[in-house]
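This report concerns only the one structure given below.
Structure follows, in structure tokens:
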């Protein structure tokens, strides 16, 4: 490809800049905060238009930003209860900021935050409000027109369910329900589940969801109801390990609603992506991190296997991926909280009008199951019936989207970056060199204006 409207040159202070020739097209994202487009976008968000359906992206592709279990807190690094998981509380928001920069560089239409936005330790520090505001402010910098937030256990450690609506989280539909569907664009429908409708956390003793959760625990793991018993798993069969307070369940009403929502999606010719904070399928996680009544939900999903494409979850910081017997893909995303400092841990989901979707990882956003996050990571997962996905050897994963963002950050459009990466066989340095050489060789020399290179 030839891109004659840019030249790179060195300024008098030694830094590099782009010479943009007069009359050349503006690249995507050149508009500043004071531009009419930027003002209109800001006004639309403030007016509540952030939840309006997004139009499909280029060539019938809907792009979605995904991140799970940020669990930010302004405190020193620590570990989990068992002392086996290193947690980098302050670094997690740096990864969220990197995610937003990526999602803005090659824009996504929708962001889905899979729950556990801040860590439960904020409640002990009396810092829940400040921590929540800091992460929400970070996510609000994304130019996506919509964001959906799921309810995780750490939300409920910090905020009672009755106060979620005023917390700034976008975890309700227009009617106030915490489980609902939303049209993403094109042929794609998202279904958001509430994995803590029945729970021992976030509710008072007399509330229906809490009372139902007590009944479930009494039948399956009564030891958790005894405050003096600190070992929830002692003598408990492994198949019952999910019955602990940090998990939860969906009501029969929610399961019945799910059946109806999937039937309606099938009639409309939609493909469905399901989102739940807590995983539904053991091979994509572990026995200790499953929604209590996953079997009921899975039966409904399998009865609509031609409509449902994939299920996305967080909760299990170690991540995992598997395909079930009905051909549904289950992606459990790793947590930025436990990602190495300086690395990435988020993804972009591309939903195509062909009915196929692609999960494009940035960093170790999804690692093979059963490896305690030490296994191979998936650079990309193709979400289609019969697709075979394999993790990549090694720990330093640079996915296609991460390469694209690196080139876009140098001042090129996504279309230019894709073309150059193809010609350079995926080499970021090679792609940038091609773009610069083409610009220098082919550019005419009319009057010019300068734009500093970022």
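Residue numbers (my numbering): 219 to 672.
Quick reminder that beta carbons are idealized off the backbone N, C-alpha and C, glycines included.
Source: prediction; values computed, not measured.
In this structure, DSSP gives residue 321 a helical state, which the three-state scheme calls helix. Taken in chain order, the complete alpha helix (DSSP H) segments of 4 residues or longer contained in the stretch 281 to 333 are 309 to 323. Proximity of the stretch 562 to 573 to the stretch 400 to 415 meets the contact definition, three or more beta-carbon pairs being nearer than 8 Å. Residue 553 counts as buried, since at least 16 other C-beta atoms from the protein chains shown sit within 10 angstroms of its C-beta. A residue is called buried when at least 16 other Cβ atoms come within 10 angstroms of its Cβ; residue 482 does not meet this threshold and is exposed. Relative to the Cα of residue 526, the nearest Cα in the group 574, 581 and 390 belongs to 574.
Taking 8 Å as the cut-off, the beta carbon of residue 357 is found no closer than this to the beta carbon of residue 530. In the DSSP annotation of this structure, residue 484 is not part of any beta strand (DSSP E); the continuous alpha helix (DSSP H) holding it starts and ends at 470 to 485. The alpha carbon of residue 336 has as its nearest neighbour, out of 318, 301, 385 and 322, the alpha carbon of 385. Shown here, residue 451 sits in coil according to DSSP, grouped into three states, outside any helix or strand. DSSP, reduced to helix, strand and coil, places residue 564 within a strand of the structure shown. Judged by DSSP secondary structure, residue 538 falls outside any alpha helix (DSSP H) and instead within the beta strand (DSSP E) spanning 538 to 541.
For residue 365, the enclosing beta strand (DSSP E) has its first and last residue at 364 to 367. Residue 365 and residue 453 have their alpha carbons spaced roughly 42 Å apart. Looking at the DSSP output, residue 579 shares a beta bridge with 565. Per DSSP, the continuous beta strand (DSSP E) segment holding residue 403 begins and ends at 398 to 403.
DSSP, reduced to helix, strand and coil, places residue 456 within a helical segment of the structure shown. Taken through DSSP and simplified to helix, strand or coil, residue 591 comes out as coil. The three-state reading of DSSP puts residue 550 in strand, counting E and B together. Distance from residue 546 to residue 528 at the Cβ level is roughly 6 Å; contact confirmed, criterion being Cβ atoms closer than 8 Å. Taken through DSSP and simplified to helix, strand or coil, residue 500 comes out as helix.
In the three-state reduction of the DSSP assignment, residue 467 falls in the strand class. Taking a C-beta distance under 8 Å as the contact criterion, residue 282 and residue 313 do not qualify as a contact pair.
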